Amino acid sequence: MARWSLRTKLVTLVALALLPVLGLAVWQAERQEQAAVSQRAAALESVSDLAVARYAGLFDASRRMLTAACADESVGDSARLDPPAETVGRCESYLSKLLETYPGQYSAAFVTDVQGTARCATAQRAIGMNFSDRDFFRKAQRSKELVVGEAIASRVSPSAVIPIAIPVLRDGTFRGMCALGITLKALAQTAAHAEGTAGTAVAVIDRSGTPLGGDATAMRRLPVAARLAEALSNNQLRISDFGQDGAYYEFWIRPVGANALFAVVSAPITETPLAFAGAWAGVFFVALASAVVLLVIWFGADRWCVRPLRYIQDFADKVARGESITLAPPRPWSPEMASVGAGVTAMAETIASREAALRANLEQRDHMLREIHHRVKNNLQMISSLLNLQAGEIRSPRIRRFFGDAQNRVLTLSILHRHLYERSSWSLVDFQQFISDLVRQISVGRTPGGKHAPRYHIRAPIMAVGPDTAIPIGLIVTEAVSIALTHDFGRTPSPEIRIETSERGDEVELVIEDNGVARGADTPATDGRGGFGLTLIRGLAMQLGGEVSIDRKQDGGNRVVVVFPTPGADEPANA
Numbered sequence: 296m297a298r299w300s301l302r303t304k305l306v307t308l309v310a311l312a313l314l315p316v317l318g319l320a321v322w323q324a325e326r327q328e329q330a331a332v333s334q335r336a337a338a339l340e341s342v343s344d345l346a347v348a349r350y351a352g353l354f355d356a357s358r359r360m361l362t363a364a365c366a367d368e369s370v371g372d373s374a375r376l377d378p379p380a381e382t383v384g385r386c387e388s389y390l391s392k393l394l395e396t397y398p399g400q401y402s403a404a405f406v407t408d409v410q411g412t413a414r415c416a417t418a419q420r421a422i423g424m425n426f427s428d429r430d431f432f433r434k435a436q437r438s439k440e441l442v443v444g445e446a447i448a449s450r451v452s453p454s455a456v457i458p459i460a461i462p463v464l465r466d467g468t469f470r471g472m473c474a475l476g477i478t479l480k481a482l483a484q485t486a487a488h489a490e491g492t493a494g495t496a497v498a499v500i501d502r503s504g505t506p507l508g509g510d511a512t513a514m515r516r517l518p519v520a521a522r523l524a525e526a527l528s529n530n531q532l533r534i535s536d537f538g539q540d541g542a543y544y545e546f547w548i549r550p551v552g553a554n555a556l557f558a559v560v561s562a563p564i565t566e567t568p569l570a571f572a573g574a575w576a577g578v579f580f581v582a583l584a585s586a587v588v589l590l591v592i593w594f595g596a597d598r599w600c601v602r603p604l605r606y607i608q609d610f611a612d613k614v615a616r617g618e619s620i621t622l623a624p625p626r627p628w629s630p631e632m633a634s635v636g637a638g639v640t641a642m643a644e645t646i647a648s649r650e651a652a653l654r655a656n657l658e659q660r661d662h663m664l665r666e667i668h669h670r671v672k673n674n675l676q677m678i679s680s681l682l683n684l685q686a687g688e689i690r691s692p693r694i695r696r697f698f699g700d701a702q703n704r705v706l707t708l709s710i711l712h713r714h715l716y717e718r719s720s721w722s723l724v725d726f727q728q729f730i731s732d733l734v735r736q737i738s739v740g741r742t743p744g745g746k747h748a749p750r751y752h753i754r755a756p757i758m759a760v761g762p763d764t765a766i767p768i769g770l771i772v773t774e775a776v777s778i779a780l781t782h783d784f785g786r787t788p789s790p791e792i793r794i795e796t797s798e799r800g801d802e803v804e805l806v807i808e809d810n811g812v813a814r815g816a817d818t819p820a821t822d823g824r825g826g827f828g829l830t831l832i833r834g835l836a837m838q839l840g841g842e843v844s845i846d847r848k849q850d851g852g853n854r855v856v857v858v859f860p861t862p863g864a865d866e867p868a869n870a
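Residue 501 in my numbering is what sits at position 206 of the sequence shown, and the numbering runs on without skipping anything.
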């Protein structure tokens, strides 16, 4: 919340103050909605109880009728493998009269033997048909009571039916069955009689979710069969879903007919948008009024607080960038904002004055540093010249060479200071240019002329280093090149001195090698000068925090390898 703007905090505070009012409106709307839900649940429960009772009555009446029919002697005797024709005739007459009592409710009645073959039926075409492949026949074989089968296409009548059957038992042994087919029309009529007056509708489905009975409205309200089958498999007897007519309904599912059929009672959750708006109209208007209040506060805070503060912020940013501007708001401010603006203006003037003084001091410091480096470079060059003059008075070549080595070391420091005052940064030098310039200066006058003069191959990365790194590196290069120049290149076809620097991860590798031949008995340990140069190289490598290896090459010449850490944050590696 500390990062929120002033306007956001103000609007949030007002919104929190309006929350109790909005909460009260929501509570009232929820009470109205809960009352509607309770009323709908009561209607669904009442209608579902009525539907179950009516379907139970239908199946109970069918059971009693079927039980009475099977108790008739002619019907029971027909459940034989080869009943007499006279017995079959009396059975058919009895069953036909029984069905005429309930017109349109049952499709057909028949009696089978123990093998499932119809021996007596109200429809002549059913005689001789075998029903042993039907589930209700197999259920009757295993049960001693009424069984209800799945909805099937009737073999006897042209319409689908719900088969019910009871077993014919003799001495407790299954000998056949008596069966009836309840028409889907009868199921639909029962569903219509069970519908209430609160917008409910009743339909009948089987376990697969397929509709079996109900009026057109009830059928259109049902969701897809797969959704109903899923609910039944998960034992969900109360679901809410979209019907096939696109409306949203609550469904109560109740089993009827020995759990083979299910009554589905539906009621719309929101019958019209007006009914929904009626329950939440108060919440809507309170929320709308709150939104208007918050918008007024939002834009008001923007006009009288945020815009002046943003203008002051832009003014401060311009002052920070060094722009010279005057605080002149486009519109009049409130007294509080005007006071803040005056304070910011005074602060900006103070900052500008201090920056001017600091800039002058920096320019003076730069001038002094440039002058210091220039004078140090001149003094070192003067020392180098004095050493050169003094060396000219010495007759001993060995001592003259020592003076030359000292002159080169002083020259190295002079070149470093020249590179420092020539760059815009007083603490860094260009490593590549420094090495190239250094080799060129120390080789002047010491490289043999003619075709035996060694060629210099210098390869160094473009990076900037500070004096703490440049001085040891420069002296190492000076010593290694000076040692190489003492070698004999007269017998070398392509004389060269190679200086290569490469970066390897967090380390820098410096390699200095030549292909000349050492004079006399010189070895890498003595370098022809008493070993002082190599000792100095090792000491300088330790100063860099690195390691050095000095080896004599098989084809002649020395190879000096110095590995040291890459310059850190105080000496950045990238120029």
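Idealized CB from N, CA, C, for every residue including glycine.
Owing to the predicted nature of the structure, the values given are computational and were not obtained by experimental measurement.
| Asked | Found |
| --- | --- |
| CB residue 730 to CB residue 753, shorter than 8 Å? | yes |
| Quick one: is residue 476 buried, meaning 16 or more other Cβ sit within 10 Å of its Cβ, or exposed? | buried |
| With DSSP as the reference, label residue 593 as helix, strand or coil. | helix |
| Quick one: give me the first and last residue of the beta strand (DSSP E) that residue 365 is part of. | Segment 301–366 is the alpha helix (DSSP H) holding residue 365; no beta strand (DSSP E) there. |
| CA-CA distance, residue 353 and residue 478? | 12 Å |
| With DSSP collapsed to three states, give me the class of residue 286. | The chain is shown from 296 up to 870; residue 286 falls before or after that span and cannot be answered. |
| Return yes when the Cβ of residue 760 is within less than 8 Å of the Cβ of residue 734, no when it is not. | no |
| Going by beta-carbon coordinates alone, are residue 435 and residue 393 separated by less than 8 Å? | no |
| In whole angstroms, give me the CA-to-CA distance for residue 583 and residue 645. | 50 Å |
| Evaluate residue 782 with the Cβ neighbour count: other Cβ atoms within 10 Å of its Cβ, from every protein chain shown; 16 or more gives buried, anything less gives exposed. | buried |
| If you follow the beta strand (DSSP E) that residue 402 is part of, which residue opens it and which one closes it? | 401–408 |
| Residues in its own chain within less than 6 Å of residue 672 by CB, not counting five upstream and five downstream? | 709, 712, 713 |
| Is the segment 402–416 in contact with the segment 378–391, if contact means three or more CB pairs nearer than 8 Å? | yes |
| Can you name, in chain order, every residue of its own chain whose Cβ lies under 7 Å from the Cβ of residue 369, other than the five neighbours on each side? | 382, 385, 386, 389 |
| With 16 other CB atoms within 10 Å as the buried threshold, where does residue 395 fall? | exposed |
| Can you tell me which of the three DSSP states residue 793 falls into? | strand |
| Rounded to whole angstroms, what's the CA-CA distance from residue 547 to residue 460? Just pull it up for me. | 28 Å |
| Give me the residue from 519, 853, 862, 455 with the minimum Cα distance to residue 802. | 862 |
| Nearest to residue 835 by alpha carbon, out of 814, 858, 657, 813? | 858 |
| Please classify residue 747: does DSSP put it in a helix, a strand, or coil? | helix |
| At the level of alpha carbons, what is the spacing between residue 505 and residue 592? | 59 Å |
| So, using beta-carbon positions, are residue 622 and residue 636 closer together than 8 Å? | yes |
| Identify whether residue 534 lies in helix, strand or coil by the three-state DSSP scheme. | strand |
| Determine which residues share a DSSP beta bridge with residue 556 and list them. | 501, 551 |
| Are residue 716 and residue 668 closer than 8 Å when you measure CB to CB? | yes |
| From this set, 694, 700, 496, which residue's C-alpha is nearest residue 544's C-alpha? | 496 |
| Using the C-alpha atoms, what's the distance from residue 796 back to residue 823? | Low confidence applies here, because residue 823 scores a pLDDT of 47, under 50, leaving its location unreliable and the question unanswered by this model. |
| For residue 533, collect the residues of the same chain with a Cβ closer than 8 Å to its Cβ; drop the 5 residues on either side in sequence, then sort them by chain order. | 545, 546, 547, 548 |
| Three-state secondary structure (DSSP) at residue 563? | strand |
| I'd like to check one pair, residue 398 with residue 431: are the Cβ atoms closer than 8 Å? | no |
| From what residue to what residue does the alpha helix (DSSP H) around residue 683 run? | 630–687 |
| Where do the ends of the alpha helix (DSSP H) carrying residue 391 lie? | 380–395 |
| If you draw a straight line from the C-alpha of residue 465 to the C-alpha of residue 437, how long is it? | 14 Å |
| Specify the secondary structure class of residue 803 as computed by DSSP and reduced to three states. | strand |
| When the Cα atoms are used, what is the spatial distance from residue 337 to residue 538? | 21 Å |
| Can you name, in chain order, every residue of its own chain whose Cβ lies under 6 Å from the Cβ of residue 524, other than the five neighbours on each side? | 503, 504 |
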